[in-house]
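Enquirer: This is the structure I have questions about; it appears just below.
In this note's numbering, the protein residues as written are 3 to 231.
Structural data, given as structure tokens:
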């Protein structure tokens, strides 16, 4: 099966999941292109997947510079952002979808104060409670609310990664928790600050994410097949 076939199959699965939960909205597909080449990114863009997610700053910089300059697409950081890579990330990416601590959010805000730019971000929540994962404590709304007061940072929504176990019930619970956190935050902020994005669901669990209210899924192997070793 080639990339175009996989894109078609993914879109069919998304449409089916939306119908099953009586949703009339659409889902943003982020192509997770870690270890994929620039030509693969170009094929995605030419076929309507214009949100491109990269995990590593250095790899992303090299690949994005090799993509056709005339193509219009959104460059998304979806991996853990190290503090020593913030300056470079701000030059490369349009959005940071993996802001996983108040410290990182503050550092991004401080860097942006010296520019005329603002930055769209998603806040990553550790909904599975896995100590090996990055992310905000799901029980601490205050840190999330403080991020939303920072200058030059525009928080559009929340992101999470499902449990390592990939067990269906625990994954659904993690995604349900993210939706509830969004609802809690939205009860505490003004209309113009309300969160709209829930980025949850990857290749092995994106349908579960959609059932729990996801508006954005991050897909690698579902689009590209297994990575070559």
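All C-beta atoms in this analysis are idealised placements derived from N, C-alpha and C, irrespective of residue type, glycine included. Owing to the predicted nature of the structure, the values given are computational and were not obtained by experimental measurement.
Measuring alpha carbon to alpha carbon, tell me which of 154, 207, 160 ends up nearest residue 146.
Expert: When only C-alpha atoms are compared, the closest one is 160.
Enquirer: Given a threshold of 16 other Cβ atoms within 10 Å of its Cβ, counted over all protein chains shown, does residue 53 qualify as buried or as exposed?
Expert: Under this definition residue 53 is a buried residue.
Enquirer: Quick one: residues in its chain with C-beta nearer than 7 Å to the C-beta of residue 215, no 5 flanking neighbours on either side, listed in chain order?
Expert: Hits under 7 Å: 181, 200.
Enquirer: How is residue 45 classed by DSSP in three states: helix, strand or coil?
Expert: Three-state DSSP puts residue 45 in a helix.
Enquirer: Compare the Cα-Cα distances from residue 122 to each of 189, 212, 225, 197 and report the closest residue.
Expert: Measuring from the Cα of residue 122, the nearest candidate turns out to be 197.
Enquirer: Any heavy atom of the ligand ADP within a distance shorter than 7 Å of the CB on residue 224?
Expert: Annotation note on the ligand ADP: not contained in the displayed structure, which lists no ligands.
Enquirer: Determine the direct distance from the alpha carbon of residue 144 to that of residue 72, and round the result to whole angstroms.
Expert: Near 42 Å, if we compare the C-alpha coordinates of residue 144 and residue 72.
Enquirer: Compare the C-alpha of residue 225 against each of 205, 40, 209, 213 and name the closest.
Expert: Closest option to residue 225, Cα to Cα, is 205.
Enquirer: Within 10 angstroms of the Cβ of residue 99, are there 16 or more other Cβ atoms? Answer buried if so, exposed if not.
Expert: Residue 99 should be labelled buried.
Enquirer: With DSSP collapsed to three states, give me the class of residue 100.
Expert: Looking at residue 100 - three-state DSSP - the assignment turns out to be strand.
Enquirer: Give the DSSP bridge partners of residue 58, in chain order.
Expert: BP columns for residue 58 are empty, so no partner.
Enquirer: With residue 30 as the anchor, note down where its beta strand (DSSP E) starts and where it stops.
Expert: 30 to 34 is the span of the beta strand (DSSP E), which, as asked, contains residue 30.
Enquirer: Measure the alpha-carbon distance for residue 47 versus residue 8 and round it to whole angstroms.
Expert: Cα-Cα distance, rounded: 14 Å.
Enquirer: Flag this pair as yes or no: are the beta carbons of residue 152 and residue 107 separated by less than 8 Å?
Expert: Yes, they are a contact pair.
Enquirer: Between the Cα of residue 88 and the Cα atoms of 69, 115, 59, 103, which residue gives the shortest distance?
Expert: Nearest of 69, 115, 59, 103 to residue 88, Cα basis: 59.
Enquirer: Assign residue 152 to one of three DSSP states: helix, strand, or coil.
Expert: The answer is coil: DSSP assigns residue 152 none of H, G, I, E or B.
Enquirer: For residue 39 and residue 6, which I take to be in contact (beta-carbon distance under 8 Å), what is that distance rounded to the nearest angstrom?
Expert: Between residue 6 and residue 39 the Cβ distance is about 16 Å, and since that is not below 8 Å, they are no contact.
Enquirer: So the candidates are 67, 165, 57; which of them puts its Cα closest to the Cα of residue 131?
Expert: Closest by alpha carbon: 165.
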